[in-house]
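**Student:** Here it is: the structure, laid out below.
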Ligand SMILES: [Mn+2]
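Numbering (this note's numbering), first residue to last: 6 to 227.
Structure (structure tokens):
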């Protein structure tokens, strides 16, 4: 099927390949990345133009719960499979899921042409309130402003939240600022962070129809 609508000056020669894509003028942005080390074996598949369907099997239940937040609220179809050295602790698997997800995100975005680029969101979860602001700038940076009051949520070491975002930022070349405005319960604070992150990503990866064929940088490169 060929596209016949040229209201926004977008080229007419793109073929519709995915009926789930909300804007069928654009191809679906997908990526699969497999990464194996001596410590872990991780595979991530994602579709940025998805509907929020998720399969997450990392062996770390709380991390799976957070990956579901990214998928559901980011409208990213996500499949994450990981086998890691959990007999030591969750550290390597948690970090390597962040690395591989970051790589897949960067790969799916390609040259980042046409994207809004910036995203932000405030997510409440009961008493917790977290703001996430991000930029697919090509320059990795994390400002991490969470103060999580307990060392663990279930069996999950809450120090690993920062490790996850460090890995993700470095491998997706993203600038990410996380601010905690309120919160008492550790589970709520972390989950609000992932929800805000998901919505901020969703905003940033949207196609901007006013400059759909351009890389969104005054330098022309991201
Ligand atoms: Mn929860």
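Cβ atoms here follow ideal geometry from the backbone N, Cα and C, with glycine treated the same way.
A quick note: this is a predicted structure, and the numbers were derived from the prediction, not measured.
(1) In chain order, what residues of the same chain have a beta carbon less than 8 Å from the beta carbon of residue 205, not counting five sequence neighbours either side?
(2) If you count every other CB in all the chains shown that lies within 10 Å of the CB of residue 148, and 16 or more means buried, which is it?
(3) Between which two residues does the alpha helix (DSSP H) carrying residue 129 extend?
(4) What are the boundary residues of the beta strand (DSSP E) that residue 39 is part of?
(5) With respect to the alpha helix (DSSP H) encompassing residue 109, which residues constitute its N-terminal and C-terminal limits?
(6) Tell me whether residue 196 counts as near ligand 3, meaning its Cβ is closer than 7 Å to at least one heavy atom of that ligand.
(7) Suppose you measure from the CA of residue 214 to the CA of residue 117; what does that come to, to the nearest Å?
(8) Count the CB pairs spanning the stretch 40 to 58 and the stretch 164 to 178 that are closer than 8 Å, and state whether there are at least three.
(9) So for residue 190, helix, strand or coil by DSSP?
(10) For residue 91, which three-state DSSP category applies?
(11) For residue 40, which residues from the same chain have a beta carbon less than 6 Å from its beta carbon, with the 5 sequence-adjacent residues on both sides left out?
(12) Between residue 114 and residue 210, which are expected to be in contact by the criterion C-beta below 8 Å, what is the C-beta distance as a whole number of angstroms?
(13) Take residue 145 as the anchor and find which of 151, 152 and 182 has the nearest alpha-carbon.
(14) Looking at residue 190 and residue 132, is the spacing between their C-beta atoms short of 8 Å?
(15) I need the DSSP call for residue 177, collapsed to helix, strand or coil.
(16) Quick one: residues in its chain with C-beta nearer than 6 Å to the C-beta of residue 192, no 5 flanking neighbours on either side, listed in chain order?
(17) In whole angstroms, what is the alpha-carbon distance linking residue 188 and residue 165?
(18) Can you say whether residue 76 is buried or exposed, counting buried as having 16 or more other CB atoms within 10 angstroms of its CB?
**Tutor:** Here's the rundown:
(1) To locate residue 205, count along the chain shown from 1; it is residue 200. Within the same chain, residue 205 has close Cβ partners 124, 125, 126, 137, 138 and 139.
(2) Your numbering for residue 148 matches position 143 in the chain shown. With fewer than 16 other Cβ atoms within 10 Å, it is exposed.
(3) Within the chain shown, numbered from 1, the residue matching residue 129 stands at position 124. Not the alpha helix (DSSP H): residue 129 falls in the beta strand (DSSP E), residues 123 to 130.
(4) For the purposes of this step, residue 39 is taken as the residue at position 34 of the chain shown. Taken as a continuous stretch (DSSP letters only), the beta strand (DSSP E) holding residue 39 covers 35 to 41.
(5) To locate residue 109, count along the chain shown from 1; it is residue 104. Where residue 109 is concerned, the enclosing alpha helix (DSSP H) stretches over 96 to 114.
(6) Ligand 3 is absent from the structure shown, which contains only ligand 1.
(7) On the chain shown, position 209 is the one that residue 214 refers to. On the chain shown, position 112 is the one that residue 117 refers to. Those two C-alpha atoms are separated by around 14 Å.
(8) no
(9) Locating residue 190 in the chain shown gives position 185, counting from the first residue. In this structure, residue 190 counts as coil in the three-state DSSP scheme.
(10) Residue mapping note: residue 91 aligns to position 86 of the chain shown, counting from 1. Coil.
(11) The sequence position of residue 40 within the chain shown is 35, counting from 1. Correct list, in chain order: 47 and 105.
(12) Counting from one through the chain shown, the residue named residue 114 turns up at place 109. Counting from one through the chain shown, the residue named residue 210 turns up at place 205. Their Cβ separation, rounded to whole angstroms, is 7 Å, which keeps residue 114 and residue 210 in contact under 8 Å.
(13) Here residue 145 is taken as the residue at index 140 of the chain shown, counted from 1. Nearest of 151, 152 and 182 to residue 145, Cα basis: 182.
(14) Position 127 of the chain shown, counting from 1, holds the residue named residue 132. Position 185 of the chain shown, counting from 1, holds the residue named residue 190. Yes, the pair counts as a contact, with Cβ atoms nearer than the cut-off.
(15) Counting from 1 along the chain shown, the entry for residue 177 is found at position 172. Residue 177 falls in the helix class under three-state DSSP.
(16) Against the chain shown, residue 192 aligns to sequence position 187. The residues are 158.
(17) For the purposes of this step, residue 188 is identified with residue 183 of the chain shown, where counting begins at 1. For the purposes of this step, residue 165 is identified with residue 160 of the chain shown, where counting begins at 1. If you take the alpha carbons of residue 188 and residue 165, they lie about 18 Å apart.
(18) Numbered from its first residue, the chain shown carries residue 76 at position 71. That one is buried.
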